[in-house]
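Numbering (our numbering), first residue to last: 16 to 60.
All C-beta atoms, glycine included, are put in the ideal place defined by N, C-alpha and C.
Small disclaimer: the values here were computed from a predicted structure and weren't measured.
Okay, structure first, notes after.
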């Protein structure tokens with residue numbers, strides 16, 4: 016949740032997206048994207 020909060024502070028995330036569910040599945044989304052698309056760069060995370 017702190018990571019999402021910092022993203023909101025930087026203007027990179029919607030404040031409405033800061034929920035426990037989004038925090039819980041966020042890492043999973045990156046893993047699934049990697050499975051489908053290949054490596055995800057640090058700049059994209």
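Relative to the C-alpha of residue 45, which residue among 55, 27 and 20 is closest?
Indexing the chain shown from 1 puts residue 45 at position 30. Nearest option by C-alpha distance: 55.
Under 8 Å between the Cβ atoms of residue 32 and residue 19?
In the chain shown, residue 32 corresponds to position 17, counting from 1. In the chain shown, residue 19 corresponds to position 4, counting from 1. The answer is yes: Cβ separation under 8 Å.
So, for residue 22: in the same chain, excluding its five sequence neighbours on each side, which residues have a beta-carbon less than 7 Å away from its beta-carbon?
Translated into positions along the chain shown, residue 22 becomes position 7. The residues are 28.
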